[in-house]
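Using the numbering used here, read the sequence shown as starting at 8 and increasing by one per residue. What follows is a short report on a single structure.
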Amino acid sequence: GTERSKGKLSARNQHNKLENGPHAPVYQLLNLFAYGTYCDYKERAASLPELTPAQRNKLRHLSIISLASNLKCLPYSLLLQQLDLKNVRELEDLLIEAVYCDIIQGKLDQRNQQVEVDCSVGRDLGPNELPNIINTLQEWCAGCEAVLCGIEEQVSRANQYRESQLKVKVQVETEVSNLQKTLKASAASPSSGPAPAGAASNQDADQPAEPRDPASSQEPRQPGKKSSKVKGLRGSGKIWSKSN
Numbered sequence: 008g009t010e011r012s013k014g015k016l017s018a019r020n021q022h023n024k025l026e027n028g029p030h031a032p033v034y035q036l037l038n039l040f041a042y043g044t045y046c047d048y049k050e051r052a053a054s055l056p057e058l059t060p061a062q063r064n065k066l067r068h069l070s071i072i073s074l075a076s077n078l079k080c081l082p083y084s085l086l087l088q089q090l091d092l093k094n095v096r097e098l099e100d101l102l103i104e105a106v107y108c109d110i111i112q113g114k115l116d117q118r119n120q121q122v123e124v125d126c127s128v129g130r131d132l133g134p135n136e137l138p139n140i141i142n143t144l145q146e147w148c149a150g151c152e153a154v155l156c157g158i159e160e161q162v163s164r165a166n167q168y169r170e171s172q173l174k175v176k177v178q179v180e181t182e183v184s185n186l187q188k189t190l191k192a193s194a195a196s197p198s199s200g201p202a203p204a205g206a207a208s209n210q211d212a213d214q215p216a217e218p219r220d221p222a223s224s225q226e227p228r229q230p231g232k233k234s235s236k237v238k239g240l241r242g243s244g245k246i247w248s249k250s251n
């Protein structure tokens with residue numbers, strides 16, 4: 008632990024010497040390549056060393072990375088201003104070079120004069136950017152906790168619903184089992200069941216038949232009508248009397 012603290016102190020002392028010593032402009036330029044943009048260099052160009060064409064091109068690539076971290080669609084007008092380029096042809100050549108170097112991934116939309124960025128490489132974080140990152144991470148953690156609480160509530164509701172459905176299932180199965188037992192018991196006991204189909208007919212057969220009145224069985228004769236047999240006899244008698 009002591010060796011690490013000594014190393015940190017010596018590193019800080021060296022940084023302080025570079026920042027405040029005769030090589031301070033070079034140290035500030037190094038910080039621009041680590042955290043800054045080409046626009047920052049233009050603002051402080053008078054106090055910084057002159058950039059070579061390769062360094063200028065590199066700082067512009069780094070500036071594109073910083074812009075792509077905040078915007079996914081970079082207008083040409085914004086890039087021309089931030090990179091201090093004079094025409095679209097120079098800008099597109101720089102963007103194509105950045106794509107081939109895997110600095111960014113995306114496509115050029117020449118019709119809408121913009122760059123659609125899919126992803127880009129990362130850069131070192133400056134000391135001033137740490138509070139924003141901490142706030143972003145805290146917000147993300149709070150959002151994750153809220154989502155987790157919501158999921159736990161849904162799981163609890165699902166478990167309660169499952170338990171209630173299991174209780175209903177057990178109750179229904181119990182009622183069905185009781186009904187089956189009742190039906191089996193009623194089918195097994197003869198007294199409680201309905202009488203056999205031939206029982207009533209057998210009782211009727213055992214009872215003696217009542218005697219029938221022969222007079223009541225004959226149909227009553229209607230008065231004023233005589234049978235045809237009597238008329239025939241009378242007519243035949245008259246015929247025999249005339250012949251004698």
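Where a beta carbon is used, it is the ideal one built from N, C-alpha and C, also for glycine.
Would you kindly report the start and end of the unbroken beta strand (DSSP E) that includes residue i?
i, result
"E123", "121-127"
"P32", "Taken as a continuous stretch (DSSP letters only), P32 belongs to no beta strand (DSSP E), being part of the alpha helix (DSSP H) at 31-42."
"P82", "80-82"
Is residue i helix, strand or coil by DSSP?
i, result
"Q117", "coil"
"G157", "helix"
"K93", "coil"
"E136", "helix"
"E57", "coil"
"A206", "Bear in mind that the predicted position of A206 carries a pLDDT of just 47, short of 50, making it too unreliable to give a figure here."
Can you give the Cα-Cα distance for residue i and residue j, rounded to whole angstroms?
i, j, result
"A75", "K174", "58 Å"
"V106", "A61", "17 Å"
"V162", "D131", "42 Å"
"A207", "N185", "Residue placement at A207 is flagged as unreliable, the pLDDT there being 47, under the threshold of 50; a coordinate-derived value is accordingly withheld."
"E123", "A41", "25 Å"
"S171", "N135", "56 Å"
"Q120", "D91", "17 Å"
"C46", "A52", "10 Å"
"E26", "P32", "8 Å"
"A192", "V177", "23 Å"
"A149", "V128", "27 Å"
What does DSSP give as the partner residues of residue i in its beta bridges?
i, result
"Q112", "C126"
How would you write the range of the alpha helix (DSSP H) that residue i sits in, first residue to last?
i, result
"P60", "60-75"
"D47", "45-50"
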